[in-house]
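Using the numbering used here, the letters of the sequence shown map in sequence onto residues 270 to 520. Quick notes on the structure that follows.
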Amino acid sequence: MPMWAQAMFWGTLAGGALVLGSWLSWKWTVPPKLVSSIMAFGAGVLISALAFELVDEAVQGGGLWPTAAGFMAGSLIYVSANTMLSKSGAKHRKRSTELQPSEKDTPGSGTAIAIGALLDGIPESVVLGVGLIAGGAVSPAMLAAVFISNVPEGLSSTAGMKKAGRSAKYVFGVWGGIAILSGLASLIGFTALESAPDELVAFITAVAAGGILAMLADTMIPEAFEEHHNLTGLVASVGFLTAFTIHHTGG
C-alpha cells in the first residue's frame, strides 16, 4: 500500500473509534463511571504518547526551539478556538450528563459542538501522518493512544447529545464526518511535510502536541474527574504506563 494511502487509512481508523464509541453509547446506556474510567485511561495514554512519540522525537529531529515554539503555538491556537466555541454552546461537548445544551436552548450549539469535536480530533490525526515520514510506518503507541482516547470521547459526547435531544442522524453524521476528515488530515500531514525541512516537521509535530495537551486539560480530564474523582489520577497513571511500555517494547 502506498505511504499516502497508509496515512489516510490509519487516520480514518483512529477517527473511526469515535464512531465505535458513539454506536456503543447510542445502543446501550454505558455507566458514567465506566466512561470516565476509559477516558482517564485514554488521557494517560495520550500524555505518554505526546511526550515520547511527539515532543521528544520532534526535539531530536528538528531541535529544541522549533519544538518549543510549535508546542506553545498549538496550545494557544487550541485554547483560543476552544474559548470561542464554548461561548457558542460547545463547552460541554464531551460531557455525558445533561450539561450539553439543546438546539432549542442554544441555537447554533449543534454546529459548535461538531466543530469542537473536529478541533479535538484533527491534531491527533495529523501526527499519525507526520509520523510516517520519519518512521516509515505508523507508530503503534501513537495509534493506540489516539484510538483508545477516541472511544470514550464518542461514548461520553454521544450520551450527552442523546440527553440534549439530538437525532441519530446528527450524532452519527458528526462522528462519521470527523472520521473521514481525520483520514484526510493524516493524509495532508504526510503529503504536505514529506519533503519539508526537519525544523518545520518538528514545529508542526509540536503544534499538534500542544493542541492535544490543551485538549486533555480542558475537556477529557475534567470529564473523567467529574465521575471518577479520586481514582482519576490512578487510572490515568495506568494509561501512561501502558503507552510507555508499548513505546519501549518496539512501539
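Quick reminder that beta carbons are idealized off the backbone N, C-alpha and C, glycines included.
In terms of residues, what are the limits of the alpha helix (DSSP H) holding residue i?
i           : result
residue 344 : 333-354
residue 462 : 437-462
residue 415 : 409-432
residue 472 : 467-484
residue 508 : 501-517
residue 310 : 301-318
residue 264 : The question about residue 264 has no answer here: the residues shown for the chain are numbered 270 through 520.
Taking all protein chains shown into account, decide if residue i is buried (16 or more other Cβ within 10 angstroms of its Cβ) or exposed.
i           : result
residue 271 : exposed
residue 411 : buried
residue 315 : buried
residue 300 : exposed
residue 466 : exposed
residue 351 : buried
residue 297 : exposed
residue 444 : buried
residue 377 : Any reading at residue 377 must be qualified, since the residue scores a pLDDT of 49, below 50, and its modelled position is unreliable; the value itself is stated next. So residue 377 ends up on the exposed side.
residue 518 : exposed
residue 336 : buried
residue 499 : exposed
residue 402 : buried
residue 279 : buried
residue 303 : exposed
Round the Cβ separation of residue i and residue j to the nearest angstrom and send it over; I've been treating them as touching at under 8 Å.
i           : j           : result
residue 459 : residue 398 : 4 Å
residue 291 : residue 501 : The Cβ separation is near 23 Å, so there is no contact.
residue 432 : residue 295 : Their Cβ separation, rounded to whole angstroms, is 12 Å, which puts residue 432 and residue 295 out of contact at 8 Å.
residue 477 : residue 396 : 5 Å
residue 455 : residue 276 : 5 Å
residue 451 : residue 408 : Not really, about 16 Å apart at Cβ, beyond 8 Å.
residue 354 : residue 388 : 7 Å
Please indicate yes or no: does the CB of residue i lie closer than 7 Å to some heavy atom of the ligand NAP?
i           : result
residue 326 : No copy of the ligand NAP appears in this structure; indeed no ligand is present at all.
With three or more C-beta pairs closer than 8 Å as the rule, is the segment 434-441 touching the segment 336-343? They do not touch, by the three-pair rule.
Report yes or no: do three or more beta-carbon pairs, one from the segment 281-290 and one from the segment 474-494, lie closer than 8 Å? Per the Cβ contact rule, the segment 281-290 is not in contact with the segment 474-494 (fewer than 3 Cβ pairs under 8 Å).
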